[in-house]
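Residue numbers (my numbering), protein chains in the order written: chain P, 2 to 212; chain Z, 89 to 328; chain L, 88 to 369; chain E, 46 to 306.
All C-beta atoms in this analysis are idealised placements derived from N, C-alpha and C, irrespective of residue type, glycine included.
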Amino acid sequence: MEIPLLITAFCALLQVIPYYLNIPVIDAASGTMREWMLLVVNMAVFVGVISLGQVHGKRIQRKGENWPFSVVLIAFMVFMAIVGFPLENIGLGFKNNQYLFMFNNILNPLGGTMYSILAFFITSAAYRAFRARNWEAAFVLISGTIVVMSNAPLFTSSMPFLITWKNWIFDVPNTATGRGVMIGAALGAIALAVRTLMGIERGYLRGGGEE
Amino acid sequence: MIPMWELIGVWTAVLMTLAIYSFLYGENPWYRLAEHIFAGVSVGYAVAFNLDYLRDQWVNKWSLSGTLVLLYMIAIFFGILWYARFSKKYFFAYRWTLAIIVGTGIGMALRTVIFTQFLNQIMAQARLSLWVPGDLLQSFSNTMIAIMVPCVLLYFWFTGPARDRGPMKYIEKFARYTMMAGFGAAFGYTVLTRYSLFIGRAQFLLGITPNPPEARMAFYVIAAAILITLFAKDHLFKKT
Amino acid sequence: MSILEKMQNIDRRYIYLAAWIFVLFPLFFPLGLPVPIGRESVAWFDYIEAIPDDSVIIVSMDYGVSGMPELYPMTVATMHHLWTNCQANNWKIIVLAFWNQGPLVFDTLLTQIDPAADYNVVYGEDWVELGWVPGAETGMAALATDMWSQTPRDYLEDRPLTEYPIMAEILTADDIDLVISIETGTPGLPEWLRQWNDPFGVPFIVGCIGVSVPGMAPYLSSGQLTALLPGLTASGEYELLLNRPGLAVAGLDAVSMSHLLVVLLVVIGNVSYFASRGKEVS
Amino acid sequence: MAILQSGRLFGLACLLLIMAAVAYYIRAAKGGKVPKVRRVAGIDAIDEAIGRAVEMGKVIFCSHGIANLRGATSGPQTLAGLSVLSYVSKKAIASNARVIVPVRQPEVWPIAADIVETEYKLAGRADEFDQDDIRFLSNNQFGFSSNYMGLMMREKPGANIMIGAYWAESLQLAETGNRVGAFQIAGTAQTSQIPFFLVTSDYCLIGEEIYSAGAYLTQDAPLMASLAGQDVGRIIAVVLGGLGTLAYTVGIETLLDLFGM
């Protein structure tokens, strides 16, 4: 089945060609294509809803493990979708009070707290990783500790040279690492693109149809 | 006094915050509750948000001319094909839609990757001067970067016999040390950002301005409730 | 198992508990640990002090609620600095946002500060809030050629821009003398530079979160970015320069303590590691 | 020159050169010329991870990151992760292990499901495929990660394989995997997140290694050969960078002008 592969190649070329060649017609088409694609992508949102519905619906039906939590999940999902539904003339949508309540008092605190929980994880990861087991680990330990100390006023007030050291670590090994890894990643991405366009990359669109 | 529903809001927010933090102790029903609420609310939010987007796009752009209307309809058609995956008979049809997305994605990558990740980085290398008059440190730093970057690049060398030749051993070792120092620095730097986030949450729990002061009482009460139930579950019931 | 070996594989929950204590304690009982003033915050302070009279300044809130812990304090301090000098220097301040939650953040600020009462500035004459400008980079491009096109009405009072004297002479990016962007990611400085600095030469100063700092360095050295206020520590220093200790200074003790904890743990980890290894060898 | 966009000429030349090199080696491999490829410890360890999970009778988590397929830098990483998923599920099916795939992007979910189902079909056991194991969690970054963490704590996987684009959640997932004692292989091309994978996982794939993982795992000659094309690009980068530095040091800026064409 070659159709998906042809579509892939066509869509890829549509984006690439006008970027390098000055052909206004194709450029306009590729711009429209990008906006158009967002519509298609937005339509996928119910895939998630259906998948969640199947998994948790089954669990509720069978009274499987943790099924009350599945009820909570489905209830909150449906409620949030309804109060936020873009029908402003019947009082729903983004300015609906229930919607704002859910957004400000549930979604935001949950997101913010999940983000901040990293402080604990980074501390315990540092405790285990910053240990001079060998030369490589010693490099991680030394540069990491210098940077940590240079960020705290407590240390820099008595050891201002830490900031100079940190700047050097950032400007030299950190820059060099970032640059080297980034160039390599570009090569990898290009090779992957070629393999995909040639239809030989495993995983994506492989085979197709019934096998 | 703040209105009742605002007070409820503050208590809810504190409950959500602490339920997530309870994960630090271990997986438990409080966390499970927050986790499932999070999934439900965020997916519901995504539904509302995406539908709003589709509606706005229709009103402000795609409904304005005949061609655009047709394109919008085609988009809806390909959008519906996503759901072919759930059909036993036509499941393969989603691959057409997918091909559009992947193809455009690869095209976008081929546009920018060569510049942002490849050429711009090489140009930055080409702006290094190994000898900066009067600035020994800068000269040294530039020289180090000029050596480190190719070493890191060569570290990933995959194929061919040249890979196993003598000098590569040293290059590889030097590249590892460079990367370890670089990654260590990035790690250390992130500590600050993560702690500022946690400090922000802690300030919220303690009701320090600009956060609502009512949060503090909620913090004490809910934290106590969560801690007591966690300990009770672990120490009273486990032993029997 | 000796204590040293136990320390090496300590239950991570004790580490989590220590982190709670090290952060909450200084928030309950401020320690007033010393804060050295770094060059970034001084540069930022000096830059704003030296903005010429009659300048038109855009303050762009390019972050959402999740960025508030780190960026909100510097936003308050910067607005304080701008509003304080607004009347004397005849600055015009336009507040807008390219992140859709930006106006929400600014709402929080306005619940704490009443510009009219605290600084004696007049809404619509000295400053105006345009609200969220959609479209990210394309929105920036559109705004640069026509300041009125994206937001025909203001955000705070929802009235047409024609009713505000401040907007009368502000039509394109050519009329803007400075952009202050406080930001967490994309859209952010690179997009701004492409649409505003390259074509119009508008100067930029940026306040950003710690993780973005390394990415900002090239713009700073190329001169496209004139001043950079990085993260919470620098915000605290800036508050001290303004003689207005606020949220960031309150948080700085906690920053110091938490970093002290990390360093202590690293020391303990290494000491116990080498001690127990020494034992094995003997 | 009107037809060519100015400022992009040199980039186009580099791009075409690298693409041609990759294509050339793939063709050559089809004719029997296969280059020798070095070992990559992290990729080799994937078999070990699966084996260990099977031995302990535990499930395997295999994630392809949280990005969609459209991002210029993140999309290819997702494809790389899906390639690895294809291999992992094939191996797992052969040894009767269960693979759970946590998904964040609705648009990626059908592909992940398709990949795993195809492996079951190829093994002739289509009826054993359980769609619920391709687990959509949430569109929200931290909604996804909180669920992933909860799932790991409950299911206690024997192996956790994460290849793709990750942001802040990298440490949340890797630290939790470490907490439950999973054998972890993690890789990403997001330079800011590599440090966290490096210190919390058993093996870490750095940058371009993730793109090669799919090719390397299959041991399929044309795929392996494409890695040689990458090396051509590598040499170009090293040479151009080196020449550039030397030229700039002695005050010649012709090369810079050339790059800017």
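Interface flag, residue i vs chain Z, CB-CB below 8 Å
i         : result
E/Tyr-132 : no
E/Pro-80  : yes
L/Pro-117 : no
L/Ile-296 : yes
L/Ala-341 : yes
E/Met-207 : no
P/Phe-70  : yes
P/Asn-90  : no
Closer than 8 Å to chain L by CB, residue i
i         : result
E/Arg-149 : no
P/Glu-212 : Interpretation of P/Glu-212 is limited by its pLDDT of 34, a score under 50 that renders its predicted location unreliable; no figure is taken from the coordinates.
E/Arg-115 : no
E/Arg-224 : yes
E/Ser-237 : yes
P/Tyr-128 : yes
C-beta neighbour in chain E for residue i, strict 8 Å
i         : result
P/Gly-208 : Interpretation of P/Gly-208 is limited by its pLDDT of 45, a score under 50 that renders its predicted location unreliable; no figure is taken from the coordinates.
Z/Val-201 : yes
P/Ser-52  : yes
P/Asn-23  : yes
Z/Glu-115 : yes
P/Thr-33  : no
P/Trp-55  : Note that residue 55 of chain P is Gln in the sequence shown here, rather than Trp. So yes, P/Gln-55 belongs to the interface.
P/Ala-139 : no
Z/Ile-189 : yes
P/Leu-7   : no
P/Met-81  : no
Proximity below 8 Å, CB of residue i to CB of residue j
i         : j         : result
E/Ser-246 : E/Ile-230 : yes
Z/Met-211 : E/Leu-301 : yes
P/Ile-147 : P/Leu-163 : yes
Z/Tyr-119 : E/Gly-195 : yes
E/Gly-259 : E/Val-129 : yes
Z/Phe-246 : E/Leu-272 : yes
P/Ala-177 : Z/Ile-233 : yes
E/Val-67  : E/Ala-266 : no
L/Cys-173 : L/Val-208 : yes
L/Asp-370 : L/Leu-230 : This structure does not reach residue 370 of chain L, given that chain L is present from 88 up to 369, and the question cannot be answered.
E/Leu-218 : E/Tyr-248 : no
Z/Val-237 : P/Gly-181 : yes
Z/Tyr-283 : L/Val-342 : yes
L/Asp-112 : L/Met-344 : Here residue 112 of chain L turns out to be Phe, not Asp, going by the sequence shown. Yes; because the gap between Cβ atoms is below 8 Å, this pair is in contact.
E/Glu-164 : E/Ser-191 : no
E/Leu-250 : E/Gly-87  : yes
CB contact below 8 Å: residue i versus chain P
i         : result
L/Thr-320 : yes
L/Arg-99  : yes
Z/Val-135 : yes
E/Asp-177 : yes
Z/Trp-184 : yes
E/Trp-212 : no
Beta-bridge pairing of residue i - partner residues as DSSP gives them
i         : result
L/Ile-146 : The amino acid at residue 146 of chain L is misidentified as Ile; the sequence shows Val. Paired residue(s): L/Val-182, L/Ile-267.
E/Ala-204 : E/Ile-105, E/Phe-228
Z/Thr-247 : E/Val-82
Z/Tyr-141 : According to DSSP, Z/Tyr-141 bridges with nothing at all.
L/Tyr-210 : L/Trp-214
Contact test: residue i Cβ vs the ligand SAM heavy atom, cutoff 7 Å
i         : result
P/Ile-201 : For the structure depicted, the ligand SAM is absent and the ligand set is empty, with no information on it obtainable.
Original post:
Is the stretch 72-85 of chain P touching the stretch 47-63 of chain P, taking contact as three or more C-beta pairs under 8 Å?
Top reply: yes
Subject >> Complete beta strand (DSSP E) runs within the stretch 90-125 of chain E (minimum length 3 residues, chain order) >> reply: 105-110
Original post:
Does the pairing of the stretch 271-283 of chain Z with the stretch 292-307 of chain L give three or more beta-carbon distances under 8 Å?
Top reply: yes
Original post:
Does the stretch 107-114 of chain L come close enough to the stretch 280-293 of chain Z that 3 or more CB-CB pairs lie under 8 Å?
Top reply: yes
Original post:
Whole beta strand (DSSP E) runs in the stretch 281-368 of chain L with 3 or more residues, listed along the chain?
Top reply: 291-295, 312-317
Original post:
Should the stretch 43-51 of chain P be regarded as contacting the stretch 143-161 of chain E, the criterion being three or more beta carbon pairs within less than 8 Å?
Top reply: yes
Original post:
Should the stretch 17-26 of chain P be regarded as contacting the stretch 92-106 of chain Z, the criterion being three or more beta carbon pairs within less than 8 Å?
Top reply: no
Subject >> Ordered list of alpha helix (DSSP H) runs contained in the stretch 156-239 of chain Z, each at least 4 residues >> reply: 182-201, 208-213
**OP:** Mind the definition here: the stretch 208-225 of chain L touches the stretch 177-196 of chain L only if three or more C-beta pairs lie below 8 Å; say whether that holds.
**Re:** yes
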